Amino acid sequence: MKTIDCDVAVVGAGPAGLAAAEAAKSTGAGKVIIIERDIRAGGILQQGIHPGFGLQIFGEELTGPEYAERYMKQADSAGVELLLGTTALELRDRELVCAGTEGLLHVRFGALVLAMGCRERTRANLVIPGSRPSGIYTAGTAQKLINIYGDKIGKEVVILGSGDIGMIMARRLTLEGAHVKAVVELLPFLAGLTRNKVQCLDDFGIPLLLSHTVVDIEGVDRLTSVTVCPVDEKRRPVLDKQEKIPCDTLLLSVGLIPENELSRTGKIELSPVTRGAVVNQYKQTSNPAVFACGNVLHVNDLVDHVSRESAEAGRNAALYAAGKLPSAAAYAAVPGNGIRYVCPQKVVADGNEEVTLYFRTMIPGRRTVIRCTANGKELVSRKCVRTSPGTMEKLVLSKETVASLNGPIEVSCEHGEVLA
Amino acid sequence: MHKADILIIGAGAVGTALAREFSKFKVKVIVCDKNDDVGGDASKSCSGLTSTSATMPVGTLECKIRTISHTMVDVLCRDLDIPIIHCGSIAPVLTDDQMEQVPKLIDRAWQNGVWDYEFMPREEILEMEPTLNPEIKGGIYSPRDSQINQFLMVVAEAENAAENGVEFLLDCAVTGIDTKDGRIQRVITTKGEIEAKWVINAAGLYCDDIAKMVDECDFSVHPRKGEFFVLGHDTPVKVKHIISSVPTPKTRGVLVIPTTDDNLLVGPTADDVEDKNDKKTTREGLEEVRTKALEMVPGLRFEDTITQFVGARPARVPEGYNILVSEKAKGYVGISGIRSTGLTASMALAKYVIHEMKAAGLELERKVGWIRTRRGIVKFSDKSDAEKDALIASDPRYGKIVCRCEQITEAEIVQAIHRPVGARTLDAVKRRVRAGMGRCQSGFCGPQVIGIIARELGISEYEVRKRGVAAYMLDH
Amino acid sequence: MKRTIICTVCPQGCEIEAEFTNASDIVLKGFSCPRGERYAKDECLAPKRVFTSSVRAEAPGRRMLPVRTKEPIAKEMLLPCAEAVRQIRLDGSVKAGDVIRKDFLGTGSDLIASMTL
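Which chain is which? The protein sequence lines are A, B and C, in order. Numbering-wise, my numbering puts 256 at position 256 of the first sequence, and it's gapless, one number per residue. Start counting at 1 in the second sequence, then tack on 1000, and there's your number in my numbering. Start counting at 1 in the third sequence, then tack on 2000, and there's your number in my numbering.
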């Protein structure tokens, strides 16, 4: 059994972990270590080989691996140490227990950044009735099999859920010679980004069936068909309009859930809505030495947002480890009308710098006014051309506003036109 | 051409218990099964409950065998390292109608020799199991009902039998049985012919199909479908006891069961269907389970479900355990009517069947050096820091976590594949070591497990199956 | 000809109304940045996409190397490119940005590696 001491430990070498580690190092942390279970850094970006990453940060369209490599280089030149092939098993007080082929490893830290990412929701979470044949994959699993292992997974494909990975896989499978028969979405609007609908579905004439769901799955061994059915306004299937679609593959792109097993072992308080840690604007969790960022905190739409948020988490972790992170009274930031969640869930009224609140709307709309209020008084607001639950929105509270807080704040929205 | 003294058709709970029992003697035993793995159909997807005979029809063969068998469970678990929890069961009484049933149920339990089957008042029951509906009128407590890992039980018996010389032929479906001069001669299978002196039909749901091959079928079998939910470790409301509906003559109704893997198993329904291949969950069935379970345990959180599945209990018409040592086709032994009680009954049933066969002329001589015990695969995640470190030192593959949800290592998966009667499909790996049994349902580890199976078995990844004959994982 | 184009330059997804008969008389409404305007023009006349895929290449833990066209290519060339890329096999180490095929299938863009192996 080996023990390592470090100033800042980071769990996960995906986009969140790399940005956090680099920022921690740049902020002056002495020894910064990333624990990564894979044998390469990059996390999920390794399999996201499509373009569209980095427009906000680098001003160009990169693929996932290219985006990851830029951050890998930055982390490397900053002097971040990378422990690959190492899995964090358990979070104890100021200590992580990890396993690798060399044995058990105890990593003692001054501060810890959780950056484990997320996992995909499964068929079981949706309770889709039917049989349990092979040929049913989550979109991300299919992506890994095709893009990393070069496997063929099927010929006739139906995709349930209009999440981004599902749409991206619709294009990928089409280019690989499979026939994508339909993308089926329960909600009356798209779950992912509009650009993915245009480039992945419309470009190839793949039908998108909104307000539809899968009500039956058939196949004793391999999948043979799924039954698709429209839903009414209460999302109940209208069974007399069902249609059976023969297929050998069903992909599910029905949402992501932050991967917080490790956080639970450390008794970190989690939000029932985001299913990530409850944090303040420093991304500091209920354990003051533990920070969280990226998709393990809340599921982001763009990797650019992940990188920015994670850099903040890394910097604050470094400050905490050095005993320099300010503390002051913290107030709740809660979702109001039309808002599903706000992250961070707490704002520390220290007034050192501005605070960005990230959130998602419940339904899509046009000419939407989003605003943040305290005691009914507006702190900041913004008008958006369009908003959609698939896109994260943000509001920035100025330094002065933050310093003057003396109670909870609320984020709400009002649509000029509802698009659902 | 394979040759055996005894051929057992079916590697479910009954078939493997028989195999282990026979492995004590100097006979050549083959077990064949149409599935890719042991565990049969009913056995691997049942509730895993091993209970007393409190609710059994009085005086039947089933009641007798099961009562005796239940006393053997603990020793089996000790010898073969099978996970079991002695949690006891509670049947909460919710309605006046149910309350009226209570004295009759207790009387029947008494007649079946289950003298510790007791009614308890509301307060006492709620103190024992605070998650129950506070509106209950009381409950029946049955302290000796236990929860066993039903699948590992069959695997353990099969592994032990194999170590003692029994041969298992899997992916091997019986298509015909030849007789000559009123005696069994050979069995035709998809893996060739098997010459056998005795053929035991332990085919469960399919035992009528086999029985027809020797013209000994005066009954029929259809599936009694049971739909289940499995809830994950993290679900906030968990029960400490097996919670069961107040039993009816047909079934124990919906149960909420704490499993040996720290999940909650909720179900089953009991729907008689015709198609033996019907393993489909239904909207109505799942809704029925949910409603009935919530009546008993209102806090259950079905959002935390990690999977739903169907178990098919073989329902015989007419009902009842039936052990036939055939006169018409000498050497043929038919076992039918075992329904959902086979898991508990299998140990005594194996002894009973052999006893009947001896009466019909079977001679058995005890083997020297029979191996009584078997150890399970060492579970990395259960161990202390020092033990984990030592495990990795002994095999570095213990340091490679493959299934992140259940913290299952590559070493465990490799062992599952290479043990006697080893896993050859994803489902078989999952049942042995739980890789893919967690929240992500193999989304993360699936591709890696496909690779490990292909590597260890020396086959192409395109040949790797989820289960069964043709459930290929990749485009085949 | 009248068309509604959903801009994909950034996630905002502006809906741009285009009216045109030929390249010289395109009238665009609804874009909110010059990049969006250029995108909408291209969509009307000659839609272009960056092509991404992966090619066979052995490396620890993976069997594929991700590749892309350096520049966007004509949309109708996506499927022919996907077909051609399946024939490519690489061995040896590769750096992100290395040219795998010059002027891939005459699209005017090189096919480059998008990961270092």
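Quick reminder that beta carbons are idealized off the backbone N, C-alpha and C, glycines included. Bear in mind that the values here come from a model prediction, so they are computed numbers and not experimental data.
Minimum Cβ-Cβ distance from residue i to chain A less than 8 Å
i       : result
B/Q1308 : yes
C/G2061 : yes
C/K2070 : no
C/I2088 : no
B/V1469 : yes
B/T1282 : yes
B/E1456 : no
B/I1413 : no
B/G1192 : no
B/Q1407 : yes
B/F1444 : yes
C/S2093 : no
C/K2075 : yes
C/V2099 : no
C/L2079 : yes
C/P2066 : yes
C/M2115 : yes
Cβ separation of residue i and residue j, assumed to be a contact under 8 Å, to the nearest whole Å
i       : j       : result
B/S1336 : B/C1207 : 5 Å
A/G130  : A/I217  : 3 Å
A/T368  : A/E414  : 7 Å
A/L223  : A/L250  : 6 Å
A/H50   : A/I168  : 5 Å
B/R1374 : B/E1021 : Not a contact, Cβ separation roughly 15 Å.
B/G1204 : B/D1304 : That pair is no contact at about 32 Å.
B/G1311 : B/V1289 : At roughly 12 Å, the Cβ-Cβ gap does not stay under 8 Å, so B/G1311 and B/V1289 are not in contact.
B/G1443 : A/T141  : 5 Å
C/A2046 : A/E66   : Not quite, the Cβ-Cβ distance comes to about 25 Å (not below 8 Å), so this is no contact.
A/V296  : A/E259  : 6 Å
Given residue i as reference, the closest of the options once Cα atoms are compared
i       : options                               : result
B/I1184 : B/L1349, B/G1334, B/D1475 and B/R1419 : B/G1334
B/Q1101 : B/P1447, B/P1247 and B/P1314          : B/P1247
A/D221  : B/I1452, B/D1278 and B/L1364          : B/D1278
A/S425  : A/A313, A/V97 and A/V127              : Look at the range of chain A in this structure, 1 to 420, and you will see that residue 425 of chain A is not part of it.
B/D1005 : B/I1453, B/K1212, B/T1050 and B/A1019 : B/A1019
A/T387  : A/C6, A/R366, A/I153 and A/G376       : A/R366
A/L412  : A/E156, A/Y341, A/V347 and A/E354     : Before going further, note that residue 412 of chain A is Ser rather than Leu in the sequence given. Checked all of A/E156, A/Y341, A/V347 and A/E354; the closest Cα to A/S412 is A/Y341.
B/L1049 : B/A1386, B/T1060 and B/G1088          : B/G1088
B/E1124 : B/W1115, B/V1114 and B/K1137          : B/K1137
A/V198  : C/A2040, C/D2098 and C/A2059          : C/A2040
A/E417  : A/F291, A/C293 and A/G338             : A/G338
B/P1396 : A/K267, A/E102 and A/L89              : A/E102
B/V1325 : B/S1340, B/Y1352, B/A1360 and B/M1347 : B/A1360
B/L1364 : B/A1011, B/F1025 and B/I1194          : B/F1025
Test: residue i CB closer than 8 Å to a CB of chain B
i      : result
A/Y341 : no
A/D151 : yes
A/N147 : no
Beta-carbon contacts of residue i that lie in its chain and below 7 Å, excluding the five residues immediately before and after
i       : result
B/T1190 : C1172, A1173 and T1175
A/A9    : I33, I35, L96, V107, F109 and L112
B/F1380 : K1388, L1391, Y1398, Q1407, T1409 and E1412
Close beta carbons around residue i, own chain, < 6 Å, minus the five adjacent residues each side
i       : result
B/I1452 : I1413
A/Q281  : P344, V347 and V355
B/T1235 : R1301 and D1304
B/V1256 : V1239, I1243, V1266, A1293 and V1297
Proximity test, Cβ basis, 8 Å: residue i and chain C
i      : result
A/E176 : yes
A/E66  : yes
A/T122 : no
Mind listing, in chain order, the continuous alpha helix (DSSP H) runs of no fewer than 4 residues lying wholly within the segment 1165-1253 of chain B? 1207-1213
Ignoring anything shorter than 4 residues or poking outside the segment 237-272 of chain A, list the alpha helix (DSSP H) runs there in chain order. 261-265
Which residue spans inside the segment 335-366 of chain A form an unbroken beta strand (DSSP E) run of at least 3? 339-343, 346-348 and 355-361
Entirely within the segment 377-403 of chain A and at least 4 residues each: give me those alpha helix (DSSP H) ranges in chain order. 399-403
At which residue ranges does the segment 1033-1109 of chain B contain complete beta strand (DSSP E) runs of 3 or more residues, listed in the order of the chain? 1089-1093
Tell me the start and end of each unbroken alpha helix (DSSP H) in the segment 1323-1371 of chain B that is at least 4 residues and wholly inside, in chain order. 1342-1359
Please go through the segment 2005-2054 of chain C and give each complete beta strand (DSSP E) segment of 3 or more residues, from N-terminal end onward. 2015-2019 and 2027-2029
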